[in-house]
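One point on numbering: in our numbering, the residue at position 96 of the sequence shown is 96, and numbering is uninterrupted.
Below is one structure, written out as structure tokens; the observations come after it.
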Amino acid sequence: MPLSTDILAELVEKKHDLLVQLRDVGHRQMELIDGADMTQLLKLLSSKQRLLTALQDVERQLNPFRRENPDDRVWRTPADRARCAELAARSESLLAEVVEQEKRSETQLRAHRDRVAEELEGAHQAARAASAYSENPWTHSQQLDLSSEG
């Protein structure tokens with residue numbers, strides 16, 4: 001029969017694994033932003049959303065354990081407790097790294113968006129200038145008939 005700490009250890013391990021995956025996806029996300037590959041970025045963000053949903057689910061499952069006194073938990077071995085504590089600590093570090101990655105990605109994406117907006121504005125102004133020249137009546141060749149019939 002499993003102990004509640006077995007369930008806790010399993011959840012902490014799942015959380016850690018999901019955070020590792022999120023960190024790796026974050027690295028790829030930054031590469032795609034740098035390469036301006038928005039199609040692949042959107043696909044990646046879709047898979048990232050699934051990871052975030054799974055992480056939220058694990059967090060909900062961990063909630064009952066947060067209300068417990070850690071000293072009252074019964075572990076199979078001291079090594080199991082130490083491993084769980086280590087994974088929990090690494091998870092906190094990973095979470096901080098993932099959050100920082102998100103901030104950097106957002107900054108990169110905004111910079112990319114602003115560059116594209118500037119390029120579009122420049123193209124729009126060039127199109128308006130070209131249009132203005134084509135609408136100018138002086139640019140069309142008009143001939144004046146000065147011949148006289150006698």
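Beta carbons are placed, not taken as given, at the ideal position from N, Cα and C, and that holds for glycine.
Predicted model, so just to flag it, every value in this text is computed and none were measured.
- Setting aside the 5 residues that flank it on each side, Val-20 is surrounded in the same chain by Leu-94, each with a C-beta closer than 8 Å to its C-beta; the list follows chain order.
- Counting only residues of its own chain and dropping the five nearest sequence neighbours on each side, Ala-36 has a CB closer than 7 Å to the CB of His-112.
- When the five nearest sequence neighbours on each side are left out, the beta carbons in the same chain lying within less than 8 Å of the beta carbon of Gln-29 are those of Leu-41, Leu-44, Leu-45, Lys-48, Gln-101 and Ser-105, in order along the chain.
- Under a 10 Å Cβ-count criterion, Val-12 is classified as buried, with 16 or more other Cβ atoms of the shown protein chains found around its own Cβ.
- Between the alpha carbons of Lys-14 and Arg-115 lies a distance of about 39 Å.
- The three-state secondary structure of Gly-26, taken from DSSP, is helix.
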